[in-house]
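This report refers to the structure that appears directly beneath it.
Number of protein chains: 4
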Amino acid sequence: MPGSRLNADLWITEYITPYDVYHHGVTRVLAYARTEFQEMQIVECGTYGKALVLDGKWQSCTGDEFLYHEPLVHPACVNHGHPERVLVLGGGEGATVREALKWRTVKRVVMVDIDGQVVEACRQHLPEMHQGAFEDPRTELVIGDALDCLDDSAGEWDVIVSDLSDPIEEGPSFKLFTREYFAKCKRALKPGGYLVVQAGPTSPVEMAMHVRLVNTLGAVFGNVASYSSYVPTYAAPWGYALASDNPIDHRPDPARIDALLADQTTSQFRMFDGITLLGMLQTPKHIREAIQAETEVYTLVAPPKFFGKGVATEKGE
Amino acid sequence: MPGSRLNADLWITEYITPYDVYHHGVTRVLAYARTEFQEMQIVECGTYGKALVLDGKWQSCTGDEFLYHEPLVHPACVNHGHPERVLVLGGGEGATVREALKWRTVKRVVMVDIDGQVVEACRQHLPEMHQGAFEDPRTELVIGDALDCLDDSAGEWDVIVSDLSDPIEEGPSFKLFTREYFAKCKRALKPGGYLVVQAGPTSPVEMAMHVRLVNTLGAVFGNVASYSSYVPTYAAPWGYALASDNPIDHRPDPARIDALLADQTTSQFRMFDGITLLGMLQTPKHIREAIQAETEVYTLVAPPKFFGKGVATEKGE
Amino acid sequence: MPGSRLNADLWITEYITPYDVYHHGVTRVLAYARTEFQEMQIVECGTYGKALVLDGKWQSCTGDEFLYHEPLVHPACVNHGHPERVLVLGGGEGATVREALKWRTVKRVVMVDIDGQVVEACRQHLPEMHQGAFEDPRTELVIGDALDCLDDSAGEWDVIVSDLSDPIEEGPSFKLFTREYFAKCKRALKPGGYLVVQAGPTSPVEMAMHVRLVNTLGAVFGNVASYSSYVPTYAAPWGYALASDNPIDHRPDPARIDALLADQTTSQFRMFDGITLLGMLQTPKHIREAIQAETEVYTLVAPPKFFGKGVATEKGE
Amino acid sequence: MPGSRLNADLWITEYITPYDVYHHGVTRVLAYARTEFQEMQIVECGTYGKALVLDGKWQSCTGDEFLYHEPLVHPACVNHGHPERVLVLGGGEGATVREALKWRTVKRVVMVDIDGQVVEACRQHLPEMHQGAFEDPRTELVIGDALDCLDDSAGEWDVIVSDLSDPIEEGPSFKLFTREYFAKCKRALKPGGYLVVQAGPTSPVEMAMHVRLVNTLGAVFGNVASYSSYVPTYAAPWGYALASDNPIDHRPDPARIDALLADQTTSQFRMFDGITLLGMLQTPKHIREAIQAETEVYTLVAPPKFFGKGVATEKGE
């Protein structure tokens, strides 16, 4: 009999746009909870391993999270050169901290996540993600508000990694994608420190938020770089924005980077090295042009509103 | 009322894997036919414009096809430097020919597609794709078999572009992804000419075919490069393999490339330029390592069998 | 490999509720048009044969339309006993007329449908539906507005069959499910004639419209009966309302009905006979109770708004 | 913005046929387990309340289970007239026992279910289903094999209710839909007792199993009746087969039934009463004719194989 086999009865649905929907088949539900802040699921998927899903939005899965987390952390660290103190905002699964800890220069990683129940569930069910990062003596986990934490620190961090959920309207994080928030981040950095922000999809029809985020960071920092990484389960290339008052090297020499990584890290990378970094930093023409054409910035008065891939947190209509 | 709006009643379903399914909403059916070779639909989609669908498989759509067609054609042409004669195998929509014609050096583009009915429908319904390419006096359209055409030509082409459907079992094209076929392509090229092959997805769980194709080309040509481009509607980064007995420059200088493009092309590119090319050629570490580890090649005896995203042509089980 | 096979790439989606969605796989598109009034598709489906789809809503398919059309026409005709003049409002596929013509007593069937292009496409592509009904000398097809037609006739019909699309907001038919419209129908009937209305789903969560329609008819006619028929492709039992100032026999003797049918019809029924009629008229307790509890009626000021299973006609938000 | 809203991120998929798929949106996962026998989920749905799902197959949900369980139990009890001892085979949710206990004549209900973990989860999470039935002093719950239980009893039961999962190949229950099994049931009944079997969908394209089950029961018992009930979430009318060597009254007088129910039951029925029973027993013509035409019976050598709506238990391909 002809046909395409489907092997799941339970599906997580991602509403990419009102005309584009992506289904991931679930083979096992490992954890489910309604926390104080959001709906959480940890599931086992057919193709991509285990996944964390918050408010119906796919956060990351063990099968391709390295394509998200390595690009999130290492370009900032490489540009810094010898990061010692790293602040991770969000990052529930622990994979962002895991990456930061690969730098032998790193003495302290503080991770601030608002939802302790999610962090605890990830700790228990997603060891492939954190790989013991929470137990590392250099790690400090703070359950609390990223904004409070930033207000409490000044000139303290070499690298800040903003690994927050997309700014869905009515969701908890949309304020954290604004000029005001980025100014707080800058104050919390040591002079010349680096901030990196997960900055939304960069597919042609979805890149408006990414472009404006890059422009918003440009209103706060002297230098900004946009780069992307393929993350198949997001159904889009995923964008990052790296910002600093120190220079960002857009044309790094791969051999020099590889020597730096060999010297200062554990070298346990799956996708990241000098060649990969050089490639990522060559932002394609259409994205470069869109960034150049952008004039608006996100502020608390006019924050971003991401198309909701998930429905669970939408309220009040 | 909360929720995610969906705006379509009719959906094209892509079976990416048995656990991952992608739906694209159709707003209008422009053409439908069962041709001698396949089932064809030309549809209007909500987000990405008009699309060609063959045997249930998404071929390309006007909203992001530039992310597929510009990387398909120009790296080969740039490496050649002054392409005059280009052979396009497949390429029904005419967008591949359109890109080749952007080179002022090009004197002749022959496109060989097996399905005249599909080409005619694209000509009529997808002017955004071909943009008059079929009417260009340098273009010759041949309705016929790519293999016959290759057998008839020797030492004739500067660049050959293999823009064929994925090698679904029982589909028409799986023989055209083998060592024997690539040897025919090499014979048809002028000495030192360049062959580029659309070479399947490069997401971690799907890249086995890409990796083996690169290895298969390496058994025939002296030099091979793997590179990828983000194509959102494919739900995966898409891979290409560029092959030649002449060198392939993996670290081109963007300024030199831009000067070459300014000199020899119409410069009407949306995503392609020197920076983009430099970026694409920096294959990420995990793909590089998979290619280095590959030992098998595809042959007529052991051809590729792609997971069928479409069901329409599958027979005989 | 385990799994459930799916055999289609193209799917018609029915949004039953915001939490219940039904997909029917399409194997061939037979006709597609945007008419003056609606979007039309005639498709071939994997399981249930050929189907007519209007504005994304499944109208009927050859595999189970007998479960819709036989119950639509014959209870009214049986209660009348010797119908001679039948008016069909809507009924594009011709299957409603086909059923009426099975009555040898019938001398004239007038069918009024607003969309000539849909009727013509059905005539061409759905011969299984109309079975030549449009060619019967007793049939007259009027392309026009049901309301105009009712205004033009008084005391003329033995049976009126209201076979209109569901009253989706902004759709063409919501006015035709109101007290005012039913009063026009009554005026167009001969004294004691019978009106039957397709009257929406009768599943527990969806039956509100059905219940209010029955009550609305009760405000116009002396007697009303609610009955339902299983139509699998609607994913719900489907309701009808039969109304007249003459009596409706809720407990007919099957043998007597079979004798009547043998005498006055061609007897070519697939699901309908005396036993089936007796069964259909025994409305289950929960529907009976809901009807008894209903107090509101639909009027032009407060017409029904059906949950849109289709999106194509929705406008203006 | 136009469109159809969907309000869920997590969906249970029912593969009705390879071309017909039904999705039910899940708003909350209440319980999830892989038991010794099957995969179990108890979920909260948007439209139909809470549901039990086994091996990916929708078992019942609080919003329309009364349309399944009342017709399952009461026609057998009414035909018996004064049931005292009832055996329920399967019936994990406890709703079948709940219905049997509505008969004041009933002194003992034994429920035999193979999966104690499922029963316990239903007891905890689905009080709307069992409504305390497990605590009733007349109820005895046996965790074990239905076949063993039947072998242990002879001439013991007034009514046996076979409320087993569909006979999916490789599933646990396909042997329990055979002539040999029904003969065991007959032996376990008191002389003239009644057996009722949930007997699969009765939609035209899916009714083959139902028809053959009715015929199989006819090979064992003197009298068999087929009847159906609308269960919207099954996307099909659902069939039952009632069998006995005593008569089955196909044309019961509603008033007499209502008097019997008033006398001998708690009268707490949502859909069942005399009129409903009369209606259900009037099997539509096309089903009657299919039953008359059937010649085969299911045996242990040739058991039924139901199209798998779920994939979880399928093995060994």
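Protein chains in written order, with the numbering used here: chain F, 1023 to 1339; chain C, 1023 to 1339; chain E, 1023 to 1339; chain U, 1023 to 1339.
Where is the CB? At the ideal position from N, CA and C, for every residue including glycine.
As the structure is a computational prediction, the values presented were derived from the model and not from experiment.
Runs of beta strand (DSSP E) wholly within the region 1115-1173 of chain F (minimum 3 residues, chain order): Runs found: 1130-1135 and 1161-1165.
Chain E contacts made by the region 1055-1077 of chain U, where a contact means CB separation under 7 Å: Those residues of the region 1055-1077 of chain U that come within reach of chain E (Cβ to Cβ, closer than 7 Å) are Cys-1067, Gly-1068, Thr-1069 and Tyr-1070.
Selection from U:Val-1233, U:Ala-1247, U:Arg-1027 and U:Glu-1061 that minimises the alpha carbon distance to E:Asp-1042: Selected option, being the one with the closest Cα: U:Arg-1027.
Nearest neighbour of U:Ser-1195, chosen from U:Thr-1084, U:Gln-1314 and U:Gly-1113 [CA to CA]: Checking every option, the nearest Cα to that of U:Ser-1195 belongs to U:Gly-1113.
Beta strand (DSSP E) segments (min. 3 residues) lying fully within the region 1056-1095 of chain C: Within the region 1056-1095 of chain C, the complete beta strand (DSSP E) runs of at least 3 residues are 1061-1067, 1071-1076 and 1079-1083.
Cross-chain neighbours of F:Thr-1287 in chain C, by beta carbon under 9 Å: Per Cβ cutoff of 9 Å: no residues; F:Thr-1287 is ~14 Å from chain C at best.
Best match in U:Gly-1068, U:Ser-1225, U:Tyr-1037 and U:Ala-1053 for proximity to U:Asp-1031 [C-alpha to C-alpha]: Closest by alpha carbon: U:Gly-1068.
Contacts that E:Lys-1308 makes with chain U (C-beta to C-beta distance below 7 Å): A small correction: the amino acid at residue 1308 of chain E is His; Lys does not occupy that position in the sequence shown. The answer, in chain order, is Arg-1292 and Met-1293.
Residues, ordered as in the chain, of the region 1093-1105 of chain E that lie near chain C by beta-carbon distance below 7 Å: Cβ contacts with chain C: none found.
Listed by chain order, chain U residues near F:Val-1140 by CB distance under 9 Å: Under the 9 Å cutoff, chain U gives no residues; its nearest Cβ is about 16 Å from F:Val-1140.
Cβ contact (3+ pairs, closer than 8 Å) linking the region 1123-1137 of chain E and the region 1164-1182 of chain E: Flag = yes, the region 1123-1137 of chain E and the region 1164-1182 of chain E touch.
Three-state class that DSSP yields for C:Lys-1212 in the structure shown: In the structure shown, C:Lys-1212 sits in a strand (DSSP, three-state: E or B).
U:Arg-1217 to U:Gly-1240 span [Cα, whole Å]: It should be noted that the sequence gives Leu, not Arg, for residue 1217 of chain U. Distance between the alpha carbons of U:Leu-1217 and U:Gly-1240: 12 Å.
Chain E contacts made by the region 1261-1275 of chain U, where a contact means CB separation under 7 Å: So nothing in the stretch comes that close.
CB contact below 8 Å: U:Gln-1304 versus chain E: Taking Cβ atoms only, chain E reaches closer than 8 Å to U:Gln-1304, which makes this a yes.
Buried or exposed by the 16-neighbour rule on C-beta atoms within 10 Å, applied to E:Gly-1244: Its Cβ having fewer than 16 others within 10 Å, E:Gly-1244 is exposed.
Span of the beta strand (DSSP E) around F:Glu-1311: Note, F:Glu-1311: premise wrong, no beta strand (DSSP E); alpha helix (DSSP H) at 1307-1315.
Among F:His-1152, F:Val-1110 and F:Ala-1117, nearest to F:Cys-1171 - alpha-carbon criterion: Ranking the options by Cα distance to F:Cys-1171, first place goes to F:Val-1110.
Contacts of C:Gly-1085 in chain F (Cβ-Cβ under 8 Å): Neighbours of C:Gly-1085 on chain F, chain order: Pro-1226 and Val-1227.
Coarse secondary structure for F:Val-1319, derived from DSSP in three states: Secondary structure at F:Val-1319: coil, using DSSP grouped into helix, strand and coil.
Assumed close pair E:Val-1065, E:Ala-1073 - CB separation to whole angstroms, cut-off 8 Å: That belief holds up - the Cβ atoms of E:Val-1065 and E:Ala-1073 are roughly 6 Å apart, short of 8 Å.
Residue range of the alpha helix (DSSP H) that includes U:Pro-1276: First-last of the alpha helix (DSSP H) with U:Pro-1276: 1276-1286.
Neighbour list for F:His-1045 in chain C, Cβ cutoff strictly below 9 Å: The answer, in chain order, is Tyr-1041, Asp-1042, Val-1043, Tyr-1044 and His-1045.
Three-state secondary structure (DSSP) of E:Val-1236: Secondary structure at E:Val-1236: helix, using DSSP grouped into helix, strand and coil.
Distance cut-off 7 Å: F:Asn-1245 Cβ against heavy atoms of the ligand ADP: As far as ligands go, the structure on display features none, and thus does not contain the ligand ADP.
Inter-residue spacing [alpha-carbon to alpha-carbon] between U:Met-1293 and U:Leu-1089: Cα atoms of U:Met-1293 and U:Leu-1089: separation of roughly 7 Å, rounded to the nearest angstrom.
Own chain partners of F:Leu-971 with C-beta closer than 6 Å, once the 5 adjacent residues on each side are dropped: In the structure displayed, chain F extends from 1023 to 1339; residue 971 of chain F sits before or after that span and is not available.
Where E:Val-1218 falls: helix, strand or coil (DSSP): Under the three-state reduction of DSSP, E:Val-1218 is assigned to strand.
Under 7 Å from the C-beta of U:Arg-1027: neighbouring residues of chain E: From the beta-carbon of U:Arg-1027, the residues of chain E found nearer than 7 Å are Pro-1040.
Any C-beta of chain U under 8 Å from that of E:Tyr-1252: At least one chain U Cβ lies under 8 Å of E:Tyr-1252.
CB contact below 8 Å: U:Ala-1258 versus chain E: It does; some Cβ of chain E falls within 8 Å.
Enclosing alpha helix (DSSP H) for C:Leu-1299 [first to last residue]: 1296-1302 is the span of the alpha helix (DSSP H), which, as asked, contains C:Leu-1299.
Simplified DSSP assignment, three categories, for F:Pro-1254: For F:Pro-1254, the three-state secondary structure derived from DSSP is helix.
Proximity of C:Gly-1215 and C:Asp-1180 at Cβ, strictly below 8 Å: Going by C-beta atoms, C:Gly-1215 is nearer than 8 Å to C:Asp-1180.
Alpha carbon of E:Phe-1282 to alpha carbon of U:Ile-1313, nearest angstrom: In the sequence as presented, Phe is not what sits at residue 1282 of chain E; that position holds Leu. If you draw a straight line from the Cα of E:Leu-1282 to the Cα of U:Ile-1313, it is about 25 Å long.
Own chain residues within Cβ distance below 7 Å of F:Lys-1197, not counting five before or after: Its chain contains Tyr-1203, Leu-1322 and Pro-1325 as the residues whose beta carbon lies nearer than 7 Å to that of F:Lys-1197, once the 5 sequence neighbours on both sides are disregarded; these appear in chain order.
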